[in-house]
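Written out below as structure tokens is the structure these notes cover.
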Amino acid sequence: MEKVLKASHFNKYFTEPDRFQVLKDVTFEVNKGEFLAIVGKSGCGKSTLLYLLSTMDTEYEGTLEINGQTLTGRSQDYLSKFRNEHLGFVFQFHFLLPEFTTLQNVMLPALKLGKYSEKEVEHRAYEKLKMIGMEDHARKLSSKLSGGQQQRVAIARALINDPTIVMGDEPTGNLDKTNTGIVFDIFREIAQENHQTIIAVTHDPDFAAGCDRVIEMSDGIIISSHENQV
Amino acid sequence: MNLSITIQIAKTHLLSKKRQTLVAMLGVTFGIAMFITMISFMQGVNQFLEDSALDASPHVRMYNEVNTQRPALIDQLNRSDSAFNVIYHQKPKEQLSRLKNGFLIARRIEQEPGVLGVSPQLSTQAFYNNGPIQISGTIAGVDIDRENRLYNLKSRLKSGTIEALRSNPNGLIMGNVLARKLNVREGDKVSVTTPTGGTMILRVVGTFGFGIGTVDNTKSYANLSTVQEILQKDASYVTDIHIKMFDPLLALPLGKKLRAIYGYYTEDWATANSAILAGEKIRNVMTFVVSMTLLVVAGFGIYNIMNMNVINKIKDIAILKATGFEGKDIVLIFLLQAVFIGVLGGLLGLLIGFVLSYLLSITPFNAGDFLSIKTFPVIFDLKYYGMGLLFGLITTVLAGYFPSRKASKVDPVSILRG
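Put into structure tokens, the structure is as follows:
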């Protein structure tokens, strides 16, 4: 199996208000096309770990390697470009840009990447919206959408540049059962068919049960890692 | 590609908060409109005062300074330290204020480069009598065509013509305020008495007004030969040479040069009008201080609004950064908004400033006899409009830059974790 992410010996400290070690020597690897869930109680460090993996948080000890590239110690600009091209994000509180239409929200990261012309980007964005069943709302302002709809648009945005890894911080944490189901199915589909890797932090046991592998954390260390039999 | 996306985001931000954008814009608009109005008006006043002072005075005036101080003869002869000489009540020596070879000097000065015109003349104190009224003033004997070339007398005549003076040897062109005081008009006779006692009856053939009290109140023009006759001097007797240059600034070195060549005292316009020039400098400083204050206030307005904007958009900034926008993209997004506000507000300010200064320039203003203006003096100069736009832009860019830089330093993790 091809490894797309290697995290080795992660140590992370919070200094406010007191020095406190959040992550203790966390080491793991993720395979290509794997649908991975990170679970654990609140405060166990799973979100912190996700943000380290996302390259947005750069204050840590240890080394991070994604797609064979070492990302530890790189400049912010380099990491921005890297995120743009190789990583997609889905957050708990959807976080679309409210002044833009659904379509524009999906197109933004691709326009930033600048790999395709604007016409092609629009075409690709439409396809992603079709995949998640939101193409009818393409011209609506994103602030006019419901929470579940916004979260689906956020997934379309995360996928627009065909990233190697899609990361989700409680992607279904704010959704009802139906929408959770829809989001989960979309993740499942992109992991299986596009061989894109999914790493999601979740509280939802049902969500975790459907993943390929579950990493359980407690007090900053990985206490178990087991594969689900699907 | 990258620029177009940042422009698109900046545009969307501006349009989604129209009222806020407008308020920020109006700050710049107001600042620049006032800047334009003030500077146009102040420069108009400066220009007007300078023109009216300089128009009536020569760029260089050459004259023979009569110096009554002289050492006693005995002091010159007997300068021994042991003895001392006492002289009471020494009379000044009689000294003519004539310029020797005045016409020759004038002809030579005319050959100098940059000289617009030279007018040798004879100027003296005089009493004007009309019946019982007696008013003191000055009378200048001139070649009226030369004088016209220097001071554009034709355009300043209130009545009569300069041809009438040329054809009438006993003609007199009188300052209009002086004429009013004497209660004479074109065609009336006035008796002129000089300090040396000569008297002559001259006919007023015209009146002029420079718009400067001290000139219109006291001065008259007559033919050079007439004044020479009253003073009982020969035909080569002149006391002053007035020189006008094409470029007033060249007058200063020319004055020094002429003084060195001919040995007569020369006075340039800057020395003669140093009070006006000093006033001009002070007004300039005042204008700039007030204008800058207005622009700085407008700048703080923009700074506040952009700061609020950044705080409102902090989630959006975090998400943009998470999806791969770099710090400089974020700076650009917010800086573009500030520049847009600055440019549009600035242009609107230029327009309003133009309208205001136009309204001011047609507002009636009565300055009495002292100044010959009917409305406020205003200058319309493209330079000031360019300056206003430039200052407006600099202020907005500065005011926009600091919030933008703050925006680019937003830590997405702390925002996104909630």
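Residue numbers (the UniProt record's numbering), protein chains in the order written: chain D, 1 to 230; chain V, 1 to 418. The beta-carbon is built from N, C-alpha and C at its ideal position, and this holds for glycine as well. Please read these numbers as outputs of a predicted model, since none were measured by experiment.
Q.
I'd like to know if THR16 (chain D) contacts chain V, where contact means its C-beta is closer than 7 Å to some C-beta of that chain.
A. As a first step, residue 16 (chain D) must be located in the first sequence, where it is residue number 16. What sits at residue 16 (chain D) in the sequence shown is Glu, not Thr. No, GLU16 (chain D) lies away from the interface with chain V (no Cβ there is under 7 Å from its Cβ).
Q) Quick one: complete beta strand (DSSP E) runs, 3+ long, within the region 44-107 of chain V? A) 60-63
Q.
Tell me whether HIS123 (chain D), by its Cβ, gets closer than 6 Å to a heavy atom of the ligand MN.
A. Summarising the ligand content, the structure contains no ligands, and the ligand MN is consequently not present.
Q.
To be precise: take each residue of the region 6-22 of chain V, compare its Cβ to all Cβ atoms of chain D, and keep it if any distance is under 7 Å. Which residues remain?
A. THR12, HIS13 and SER16
(Q) Check this for me: beta carbons of TYR384 (chain V) and TYR63 (chain V), under 7 Å apart or not? (A) On the second sequence, position 384 is the one that residue 384 (chain V) refers to. On the second sequence, position 63 is the one that residue 63 (chain V) refers to. The answer is no: Cβ separation not under 7 Å.
Q) For residue 249 (chain D), does the three-state DSSP call read helix, strand or coil? A) Shown here, chain D extends from 1 to 230; a query on residue 249 (chain D) therefore has no answer.
Q. Residues of chain V with a CB under 9 Å from the CB of ARG19 (chain D): which are they?
A. Locating residue 19 (chain D) in the first sequence gives position 19, counting from the first residue. Here the premise fails: no neighbours, minimum Cβ distance about 18 Å.
Q.
For residue 481 (chain V), report the span of its beta strand (DSSP E) as first-last.
A. Residue 481 (chain V) lies beyond the range of chain V shown here (1 to 418); nothing can be said about it.
Q.
For a contact defined as C-beta to C-beta under 7 Å, what are the partners of LEU97 (chain D) on chain V?
A. Here the question's residue 97 (chain D) lines up with position 97 in the first sequence. Those within 7 Å of LEU97 (chain D) in chain V are ASP316 and ILE319.
(Q) Measuring straight from C-alpha to C-alpha, what distance separates GLN134 (chain V) and ALA179 (chain V)? (A) Indexing the second sequence from 1 puts residue 134 (chain V) at position 134. Indexing the second sequence from 1 puts residue 179 (chain V) at position 179. Rounded to whole angstroms, GLN134 (chain V) to ALA179 (chain V) spans 12 Å at the Cα level.
Q. Chain V beta carbons: is any one of them nearer than 7 Å to that of SER80 (chain D)?
A. Position 80 of the first sequence, counted from the start, is the residue given in the question as residue 80 (chain D). Answer yes: the Cβ-Cβ gap between SER80 (chain D) and chain V drops below 7 Å somewhere.
Q: For ASN217 (chain V), write down the residues that DSSP places opposite it in a beta bridge.
A: Counting from one through the second sequence, the residue named residue 217 (chain V) turns up at place 217. DSSP, once it has assigned bridges, lists no residue as partnering ASN217 (chain V).
Q. Curious, which full-length alpha helix (DSSP H) runs of at least 4 residues does the region 241-298 of chain V contain?
A. 251-262 and 269-272
**Q.** Beta-carbon proximity check, PRO403 (chain V) vs VAL296 (chain V), cutoff 7 Å
**A.** Your numbering for residue 403 (chain V) matches position 403 in the second sequence. Your numbering for residue 296 (chain V) matches position 296 in the second sequence. Taking 7 Å as the Cβ cut-off, PRO403 (chain V) and VAL296 (chain V) do not qualify as a contacting pair.
Q. Are ILE132 (chain D) and ILE186 (chain D) close, meaning C-beta to C-beta below 7 Å?
A. Residue numbering aside, residue 132 (chain D) sits at position 132 when the first sequence is read from its first letter. Residue numbering aside, residue 186 (chain D) sits at position 186 when the first sequence is read from its first letter. Yes.
Q. In three-state terms, what does DSSP make of ILE9 (chain V)?
A. One-based indexing of the second sequence puts residue 9 (chain V) at position 9. Helix at ILE9 (chain V).
(Q) If we define contact as Cβ-Cβ less than 7 Å, is ALA322 (chain V) a contact residue for chain D? (A) Position 322 of the second sequence holds residue 322 (chain V). Judged by the 7 Å Cβ criterion, ALA322 (chain V) is in contact with chain D.
Q.
Just to confirm the assignment: which complete beta strand (DSSP E) runs, minimum length 3, are found wholly within the region 7-78 of chain D?
A. 20-31, 35-40 and 61-66
Q | Backbone secondary structure at SER225 (chain D) - three-state DSSP | A | Here residue 225 (chain D) is taken as the residue at index 225 of the first sequence, counted from 1. Looking at SER225 (chain D) - three-state DSSP - the assignment turns out to be strand.
Q: Check whether the region 30-44 of chain V touches the region 238-252 of chain V, counting contact only when three or more Cβ pairs, one atom from each stretch, lie closer than 8 Å.
A: no
Q. Taking buried to mean at least 16 other C-beta atoms within 10 Å of its own C-beta, is MET286 (chain V) buried or exposed?
A. The sequence position of residue 286 (chain V) within the second sequence is 286, counting from 1. It is exposed - the Cβ of MET286 (chain V) has fewer than 16 other Cβ atoms within 10 Å.
Q: Compute the distance between the beta-carbons of THR396 (chain V) and GLY342 (chain V), then report whether it is under 7 Å.
A: Translated into positions along the second sequence, residue 396 (chain V) becomes position 396. Translated into positions along the second sequence, residue 342 (chain V) becomes position 342. Yes, these two residues count as a Cβ contact at 7 Å.
Q | Residue-chain proximity (VAL413 (chain V), chain D), Cβ-Cβ < 7 Å | A | Numbered from 1 along the second sequence, position 413 holds the residue referred to as residue 413 (chain V). Yes, because at least one Cβ of chain D sits closer than 7 Å to the Cβ of VAL413 (chain V).
Q.
Taking the beta carbon of SER89 (chain V) as the centre, do at least 16 other beta carbons fall within 10 Å, making it buried, or is it exposed?
A. Working through the second sequence from its first residue, we reach residue 89 (chain V) at position 89. Residue identity check: residue 89 (chain V) is His in the sequence provided, not Ser. Exposed is the call here.
Q) Which class does GLY220 (chain D) belong to by DSSP, given the choice of helix, strand or coil? A) Here residue 220 (chain D) is taken as the residue at index 220 of the first sequence, counted from 1. Note: GLY220 (chain D) maps to coil in three-state DSSP.
Q) Between the region 39-51 of chain D and chain V, which residues of the former have CB atoms less than 9 Å from a CB of the latter, in chain order? A) SER47, THR48 and TYR51
Q) Just the Cα atoms here: how many angstroms apart are THR55 (chain D) and VAL355 (chain V)? A) Locating residue 55 (chain D) in the first sequence gives position 55, counting from the first residue. Locating residue 355 (chain V) in the second sequence gives position 355, counting from the first residue. Rounded to whole angstroms, THR55 (chain D) to VAL355 (chain V) spans 56 Å at the Cα level.
Q.
Which residues does DSSP list as the beta-bridge partners of ALA222 (chain V)?
A. Indexing the second sequence from 1 puts residue 222 (chain V) at position 222. ALA222 (chain V) is bridged to V:GLY141.
Q | Whole-angstrom distance between ILE330 (chain V) and LYS321 (chain V), CA atom to CA atom | A | For the purposes of this step, residue 321 (chain V) is taken as the residue at position 321 of the second sequence. For the purposes of this step, residue 330 (chain V) is taken as the residue at position 330 of the second sequence. Approximately 8 Å, taken between the alpha carbons.
Q) What do you get for VAL192 (chain V), buried or exposed, if any count of 16 or more other CB atoms within 10 angstroms of its CB means buried? A) Your numbering for residue 192 (chain V) matches position 192 in the second sequence. The residue in question, VAL192 (chain V), is buried, as its Cβ has 16 or more Cβ neighbours within 10 Å.
Q. By Cβ distance, which residues of its chain are closer than 8 Å to VAL339 (chain V), with the 5 residues on each side in sequence left out?
A. Indexing the second sequence from 1 puts residue 339 (chain V) at position 339. Hits under 8 Å: LEU393, THR396, VAL397 and GLY400.
Q | Proximal chain V residues relative to MET56 (chain D), where beta-carbon distance stays under 7 Å | A | Numbered from its first residue, the first sequence carries residue 56 (chain D) at position 56. Those within 7 Å of MET56 (chain D) in chain V are ALA322, PRO412 and VAL413.
**Q.** Minimum Cβ-Cβ distance from LYS409 (chain V) to chain D less than 7 Å
**A.** Numbered from 1 along the second sequence, position 409 holds the residue referred to as residue 409 (chain V). So, not an interface residue.
Q. Does the region 122-138 of chain V come close enough to the region 246-258 of chain V that 3 or more CB-CB pairs lie under 8 Å?
A. no
Q.
So that I know if they touch, is there some Cβ in chain D lying closer than 7 Å to that of LEU416 (chain V)?
A. As a working note, residue 416 (chain V) is residue 416 in the second sequence. Taking Cβ atoms only, chain D reaches closer than 7 Å to LEU416 (chain V), which makes this a yes.
Q) When we look at the beta-carbon of LYS128 (chain D) and count the other beta-carbons within 10 Å, is it buried (16 or more) or exposed? A) Taking the first sequence and counting its residues from 1, the one referred to as residue 128 (chain D) is at position 128. Buried, since its Cβ has 16 or more Cβ neighbours within 10 Å.
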